[in-house]
Structures are given as C-alpha cells and as structure tokens.
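Worksheet: one structure, shown below.
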Amino acid sequence: MASLNKVFLLGNLTRDPELRQLPSGTAICTFALAINRSFTTTSGEPREEVCYVEMTAMGRQGETIAQYMRKGSPLFVEGRLHFEQWEDRETNKRRSRLSVRVERAQFIGAPATPQQTGGYPQQPGGYPQQTGGYPQQPGGYPQQPAAGIPGGYGVPPAVPKAPPAMPAFRPMPSSAPPAPADSQDDFATDEPLDDIPF
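When you number the sequence shown by this note's numbering, it's gap-free, plus one each residue, and the end is 202.
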C-alpha cells in the first residue's frame, strides 16, 4: 500500500533559529513555527487557536534560515513529519515528539539581514525592526540607496520608470458601410440540438 508524508505550513517563527554543526560538518537549524487558525464557534463567537510546530532544517537550507529569519518572521515550509525519540538525561525517562523536517522553505516578505537584527530592538509583535530605511518620495516609491550599498534582501527595489507617452487616440476613417443592426434570428436554427459534434 502506498503512503504519503507531506506537510505544508505557513506561520511565524516563535524564536530565533538555532544553528549547530554535526560532527560530520552538516549544519542543523532548529526553530518553531506558530500557525494561527481563526474560526467562529457555533454560538457565533470568534476564536483563534495557535498550533506550535518544531522544525529542523539541514545543510545549506538550515544555514540560510538561521542567517535571514528571526523571531516573528513569516515562513512557508514544505516538509515531512518526523517522529523523534530520546531518553531524558535528568529523569531517565523515554521522551518523544512529532516534528517537521524541512525540505523546502520560502521566505514571505523581505527576510531580515544580519545588519537589520544585530542589536536593534524588536518591534511589537515580534517582527524585526527594519533599519536603514529609505524616506518615501511623493507617490510612495522608495528612493534609490546610496551608491556602494550591496544589493540583496535589505535593499528596496529600483524606482520604476514612467512608461513612454502614447500618442493621442484618433479614430481611423471608415470606408466600410456600417454593420447591420443585430437581429434575434442570427442564431436561429431548425437543426436538432443533439447534432452538436461534441
């Protein structure tokens, strides 16, 4: 019998990712996502529940998540469920949990760069504070960054150029006679409907 183990989750990090190395040199990044669900009870009362899911990302993917994601950052994850078992060192009891092994991750919005989160206070709600912001020009487009600033996630997009001006619309002179007025009989047919070729 065939089986499938696939998970798609969209949520916010509950803590900064932790990056460590295995003795083999492989990077392991651990973090947790909070996935919110809003619903209305049968009595009409709005409710919200939160599901916290532990995540593990390995290799380059884990390094990238640890570098750019911070507590509160939104993240879309594709992965698989993994059942972990271990013995608690303090109580010597067998412990277990279900977690997600990340296969692919998609940053939602602009991820934080190390310069944006290094030492700056967090905004309310846990989202990283954006630093080095560019003042807004009239029309809502950000200004270009100063020359010499490297590109990447922290740099706003270039200001779009205005499209070239189009010449004014002038109707073409018509040499054809005007079309006859629509008639209800244009589509009338005496053929039976079951002769349709499809």
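Beta carbons: idealized from backbone N, C-alpha and C, even for Gly.
- Between the alpha carbons of residue 45 and residue 51 lies a gap of roughly 7 Å.
- Note: residue 78 is bridge-paired with 16 in the DSSP secondary-structure output.
- With respect to residue 101, residue 86 sits apart: the two C-beta atoms are not nearer than 7 Å.
- The DSSP-derived three-state label of residue 68 is helix.
- Only residues of its own chain outside the window of five on either side were considered, and among them 30, 31 have a CB closer than 7 Å to the CB of residue 63, listed in chain order.
- Taking C-beta separations shorter than 6 Å and ignoring five residues to either side along the sequence, the partners of residue 67 in its chain run 31, following chain order.
- According to the DSSP assignment, residue 32 belongs to the beta strand (DSSP E) that extends over 31-44.
- Take residue 24, set aside five residues on each side of it, and the residues of its chain with a beta-carbon closer than 7 Å to its own are 32, in chain order.
- With respect to the 7 Å criterion, residue 69 and residue 6 are not classified as neighbours on the basis of their beta carbons.
- Relative to residue 75, the option among 26, 8, 37 whose CA is nearest is 37.
- The distance from the Cβ of residue 39 to that of residue 17 is about 11 Å, inconsistent with a contact at the 8 Å cut-off.
- Taking each of 59, 41, 10, 47 in turn and checking the Cα distance to residue 53, the smallest one comes out for 41.
- Close CB contacts of residue 65 within its chain, under the 7 Å cut and outside five residues either way in sequence, are with 106, 109 (chain order).
- When the Cα atoms are used, residue 11 and residue 82 turn out to be separated by approximately 6 Å.
- In the assembly as shown, residue 77 is a buried residue. Its beta-carbon has 16 or more other beta-carbons within 10 Å.
- DSSP, read as helix, strand or coil, puts residue 48 in coil.
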